[in-house]
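Asker: Before I ask anything, let me first share the structure, which is written out below as C-alpha cells.
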Amino acid sequence: GSLPKVVTAYGTVGMSAKAKRTMTAPTSAIVTDINVKPGAEVGRGAPLIKLGPSPGTTAAFTRAKAAVRAAQVLVHRMKDLLDQHLATRQQLVDAQKSASDAQATLGALKAEGAASPQTLHSPFKAIVTGVPATLGAIVTQGTPLVTLARPSGLVLNAGVVPEAATEIRSGQTVKVTPLGATSAISGKVTLRGAIVDPRTGLVSVEVALPTGSALPGQTAQAKIQIGTISGYVVPHEAILVNDSGESFVVQ
8 GSLPKVVTAY GTVGMSAKAK RTMTAPTSAI VTDINVKPGA EVGRGAPLIK
58 LGPSPGTTAA FTRAKAAVRA AQVLVHRMKD LLDQHLATRQ QLVDAQKSAS
108 DAQATLGALK AEGAASPQTL HSPFKAIVTG VPATLGAIVT QGTPLVTLAR
158 PSGLVLNAGV VPEAATEIRS GQTVKVTPLG ATSAISGKVT LRGAIVDPRT
208 GLVSVEVALP TGSALPGQTA QAKIQIGTIS GYVVPHEAIL VNDSGESFVV
258 Q
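Using my numbering, the letters of the sequence shown correspond one by one to residues 8 to 258.
Structure (C-alpha cells):
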C-alpha cells in the first residue's frame, strides 16, 4: 500500500500580492473624511475617503484657468492681426497651440479633482487592510491613503526548512488547519521561494485558500503532500518492540 508523504509547516493567513490594491491621492489634497477602518468589508463603489483641494492645488487650478483665458484672448488677437496682415499664420498656429496646451492642463487638473472635493470609491468588493491616511492631513499626489484586498486572494504564508523545500512544487495539495479548528481546509501550493529568509532561516511557501475559509491574521498548520510512500500499511497498534529494541508486527 501507500501513504501520503507530507511536509508540515506553520504560517499566517493573509492576502496574496495580486489581490492587493493601494488607493493613492490623485493630486495634492486635504483628507476631509475617512469612511472606513482596517478590517472592514466594503462593496464595489463604497465610499472610502473624501479629499478636498489643497491650497497648492487650488492655486494651480486658478493659474490654469487664467492661462486658458489669456491664451484664448491671444488667439482672437492673432486672428484680428492676421486679417490686417499684421501677423503671420505661424503666429496664429503658435497661439492656438498655447491655448490647446492651457486647456489640456486645466482639464487634467479637473480630472484629478482640483476643481472641487472628491470621494474615492472602492473599485471592487474588498477587505480594508490598512488606512495610512489621517484626517486633516495634506497629502501629495501618489500618497497611499487606503489599502484593499480582494477576498478571493486568501493565502497562507508559511515557511519550511530548506531541506524539505526542494520537494515542494506549485499545484501540490495542502491540508490547512487554523489553530483551534477541528477540520482542515483544502488548498494548493501557488509559490515556493527560491531563497532562505535570513530572518527565519526558512523558505517561504504560499498556499491558496478558498474564499472565506479563514480570517486574515489567523495562524495555521499546513500539511503539504509532496508525494507518496509505498510499503506495507499496518495499524500503529500492530507494531511492537521486543526487549532488544527491535520492532515487529503482530498479525
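Heads up, the beta-carbon is just placed ideally off N, CA and C, and yes, glycines get one too.
For the beta strand (DSSP E) that valine 214 lies in, which residues bound it at each end?
Answerer: Looking at the DSSP string, the run of the beta strand (DSSP E) that includes valine 214 is 210–215.
Asker: Using DSSP bridges, identify the partner residues of methionine 22.
Answerer: DSSP lists Leu161 as partners of methionine 22.
Asker: Could you name each continuous beta strand (DSSP E) segment of 3 residues or more that falls completely within the region 114–194, going from the start of the chain to the end?
Answerer: The qualifying runs are 125–128, 133–137, 151–156, 161–167 and 180–185.
Asker: What is the DSSP secondary structure of alanine 16, counted as helix, strand or coil?
Answerer: Correct three-state label for alanine 16: strand.
Asker: Within 10 Å of its beta-carbon, does glutamine 148 have 16 or more other beta-carbons around it, so buried, or fewer, so exposed?
Answerer: That one is exposed.
Asker: Nearest CA to the CA of valine 146: which residue from Thr173, Ala156 and Thr64?
Answerer: Nearest C-alpha to valine 146: Thr64.
Asker: Which of helix, strand or coil does DSSP assign to arginine 51?
Answerer: It is coil, neither helix nor strand.
Asker: Does serine 61 get closer than 7 Å to chain C when you measure Cβ to Cβ?
Answerer: No chain C is part of this structure, which consists of one protein chain only.
Asker: Report buried or exposed for proline 185, applying the criterion of at least 16 other Cβ atoms within 10 angstroms of its Cβ.
Answerer: Proline 185 should be labelled buried.
Asker: Name the DSSP beta bridge partners of proline 45, please?
Answerer: According to DSSP, which records beta bridges pairwise, proline 45 is partnered with nothing at all.
Asker: Going by the beta-carbon positions, is the gap between alanine 140 and leucine 152 smaller than 7 Å?
Answerer: Going by C-beta atoms, alanine 140 is nearer than 7 Å to leucine 152.
Asker: In terms of residue numbering, what span does the alpha helix (DSSP H) encompassing glutamine 91 cover?
Answerer: Careful: glutamine 91 lies outside any alpha helix (DSSP H) and carries neither H nor E.
Asker: So alanine 32 is in the beta strand (DSSP E); what residue range does that whole segment cover?
Answerer: Looking at the DSSP string, alanine 32 is not in any beta strand (DSSP E), and its letter there is neither H nor E.
Asker: Whole-angstrom Cβ separation of valine 181 and valine 196, contact assumed at under 8 Å?
Answerer: Their Cβ separation, rounded to whole angstroms, is 6 Å, which keeps valine 181 and valine 196 in contact under 8 Å.
Asker: For glycine 208 and isoleucine 202, what's the separation of their Cα atoms in angstroms?
Answerer: If I take the Cα positions, the gap works out to 10 Å.
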